[in-house]
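Peer 1: The structure follows.
Quick look at the structure:
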């Protein structure tokens, strides 16, 4: 079982533009980070289809989805995504790392609140079986997992944009970690690099 | 004539590790940024050959060197590189952007001090003729040129390492710039991505 952290950044390392929140999950201007996911330009107001990715982007997504049996994300990402409208879009359960357990979603939604990355991983491993566990963001949860030595593989998609503001994946991260390039594929909308975390 | 900014960063965006200076030009631990340039591990103390790059790394270097008729770098990089031992390693003159003109090198070295990025570009263009002008770093000079709209192409090499400290390419950079992916090639030691700056 592999723990794979997956996220998209801009060329300057941002995982969102400024003011990411429900209704604009990737912040102002951050839609460009996910052109590759949507198969091209899209807007927060609608007219996008998360299954519209094509070519190398489609293959990258499909390969990840095929591997992954359970997903972990942070509370900030969960809320910025508008709780995905109450329906878990991931294949397998989604464990949401949070300190505030009061408004936990009903277990039938496929969402579960957990209090820390370690606990999330423990529970995700149980349900993933032979499949892998994905840590899908946000930046803070990925940093925590990387710093704790819990990540086996880092799948970074880089969108061809310099955002100049927002939340950075490696903001405040002070560990020195060697990586090994597993695979690099590209479309016109992103470069997808998978790294093995060397221990 | 194309103005191409070329630099290597870590996965977390650093162009040097901490404490970059003459004798350790890429900072502590920063040697790993240039494994791809040296064809593998090397040390500041010696035993490395800047012409030892192979495969996709060699091709990336050769393609850049073939195109470039003049190079620009910042004073910090010039000094951190130990003034390249007094011998210009670049094909064509090197213009060094600096505010301190007092200890300018002799023109016969192929090094010339200039007072700003704009002046450097003007003079580089004159000598480059049909060939391109490269802005080879450091981070500050590339940020200045990008912010001033002077860069046509950004050639970023990404080394498979998270440094966690040092100088970041996009530190303090607040512009929003769209890019277009021209080309992505990889070796085991780096991924080389060339972007066109969209205007």
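Residue numbers (the numbering used here), protein chains in the order written: chain B, 4 to 202; chain X, 4 to 202. Note that CB positions come from ideal geometry on N, CA and C, so glycine has one too. These numbers were taken from a predicted model, which means no experiment stands behind them.
(1) Where does residue 4 of chain X land, buried or exposed, given buried means 16+ other C-beta within 10 angstroms?
(2) Which residue comes first and which comes last in the alpha helix (DSSP H) that contains residue 79 of chain X?
(3) Would you say residue 198 of chain X lies against chain B (beta-carbon separation less than 7 Å)?
(4) Check distances from the C-beta atoms of the segment 180-191 of chain B to those of chain X and list, in chain order, the residues that come in under 7 Å.
(5) Find out if the Cβ-Cβ distance for the pair residue 100 of chain X, residue 123 of chain X is shorter than 7 Å.
(6) Within a Cβ cutoff of 7 Å, which residues of the same chain sit near residue 65 of chain B, ignoring the five residues on either side of it in sequence?
(7) Between the alpha carbons of residue 133 of chain X and residue 38 of chain X, how many angstroms are there, rounded?
(8) Going by beta-carbon coordinates alone, are residue 167 of chain B and residue 178 of chain X separated by less than 7 Å?
(9) Starting from the beta carbon of residue 166 of chain X, find every residue of chain B whose beta carbon is closer than 8 Å, and list them in chain order.
(10) For residue 127 of chain X, I'd like the list of residues in its chain whose CB is within less than 6 Å of its CB, leaving aside the five on either flank, ordered along the chain.
(11) Starting from residue 63 of chain B, trace the alpha helix (DSSP H) in both directions and tell me its first and last residue.
(12) Comparing the C-beta of residue 194 of chain B with each C-beta of chain X, is any distance below 7 Å?
(13) Closest Cβ-Cβ distance between residue 163 of chain X and chain D: below 7 Å?
(14) Any residues in the segment 12-38 of chain B with a beta carbon nearer than 7 Å to a beta carbon of chain X? Which ones, in chain order?
(15) Contact defined as beta carbons within less than 8 Å: I believe residue 12 of chain X pairs with residue 18 of chain X. What is the distance between those atoms, to the nearest angstrom?
(16) Between B/163, B/184, B/26, which has its C-alpha nearest residue 80 of chain B's C-alpha?
(17) Could you tell me how far apart the beta carbons of residue 187 of chain X and residue 194 of chain B are, in whole angstroms, since I believe they sit closer than 8 Å?
(18) Per DSSP, which one or two residues make a beta bridge with residue 93 of chain X?
(19) With distances taken from CA atoms, which of X/55, X/192, X/185 is nearest residue 199 of chain X?
(20) May I ask which residues mark the beginning and end of the beta strand (DSSP E) holding residue 138 of chain X?
(21) For a contact defined as C-beta to C-beta under 8 Å, what are the partners of residue 159 of chain B on chain X?
(22) By the 9 Å beta-carbon criterion, what residues does the segment 81-108 of chain B contribute toward chain X?
(23) State yes or no: is the beta carbon of residue 116 of chain X nearer than 7 Å to at least one beta carbon in chain B?
(24) Closer than 8 Å by C-beta to residue 62 of chain X: which residues in its own chain qualify, once you throw out the five before and the five after it? Chain order, please.
(25) Go ahead and label residue 35 of chain X buried or exposed: buried means 16 or more other beta carbons lie within 10 angstroms of its beta carbon, across all protein chains shown.
(26) Confirm, please, whether the CB-CB distance from residue 77 of chain X to residue 144 of chain X is below 7 Å.
(27) For residue 125 of chain X, name the three-state secondary structure that DSSP assigns.
(28) Whole angstroms is fine: what's the gap from residue 116 of chain B's alpha carbon to residue 180 of chain X's?
(29) Are residue 147 of chain X and residue 164 of chain X close, meaning C-beta to C-beta below 7 Å?
(30) Exposed or buried, which one is residue 183 of chain B when buried takes at least 16 other CB atoms within 10 Å?
(31) Less than 7 Å between the C-beta atoms of residue 169 of chain X and residue 30 of chain X, yes or no?
(32) Is residue 133 of chain X near the ligand GDP - that is, is its Cβ less than 6 Å away from at least one heavy atom of it?
(33) Report back the beta-carbon spacing between residue 14 of chain X and residue 149 of chain B to the nearest angstrom; my notes put them in contact at under 8 Å.
(34) Going straight from the alpha carbon of residue 59 of chain X to that of residue 47 of chain B, what length do you get?
(35) From residue 141 of chain X to residue 174 of chain X, what distance separates their C-alpha atoms?
Peer 2: By the coordinates alone:
(1) exposed
(2) 78-83
(3) yes
(4) 180, 181, 182, 183, 184, 187, 189, 191
(5) yes
(6) none
(7) 31 Å
(8) Against a cut-off of 7 Å, the Cβ pair of residue 178 of chain X and residue 167 of chain B comes out as a contact.
(9) By Cβ distance, chain B contributes 179.
(10) Within the same chain, residue 127 of chain X has close Cβ partners 73, 75, 98, 136.
(11) 58-70
(12) Yes, because at least one Cβ of chain X sits closer than 7 Å to the Cβ of residue 194 of chain B.
(13) In the structure shown, chain D does not exist; the protein chains are B and X.
(14) Closer than 7 Å at the C-beta level to chain X, one finds these residues of the segment 12-38 of chain B: 14, 15, 16, 32.
(15) Taking a contact as a CB-CB distance under 8 Å, the pair residue 12 of chain X and residue 18 of chain X counts as one, their CB atoms being some 5 Å apart.
(16) B/26
(17) 5 Å
(18) Residue 93 of chain X pairs with nothing; no bridge assigned.
(19) X/185
(20) Residues 135-138.
(21) 14
(22) Cβ contacts with chain X: none found.
(23) Answer no: the Cβ-Cβ gap between residue 116 of chain X and chain B never drops below 7 Å.
(24) 188
(25) Residue 35 of chain X is buried by the Cβ-count criterion.
(26) yes
(27) helix
(28) 37 Å
(29) no
(30) exposed
(31) yes
(32) Looking for the ligand GDP in the displayed structure turns up nothing, as the structure carries no ligands at all.
(33) So it is not a contact: roughly 11 Å between Cβ atoms.
(34) 39 Å
(35) 12 Å
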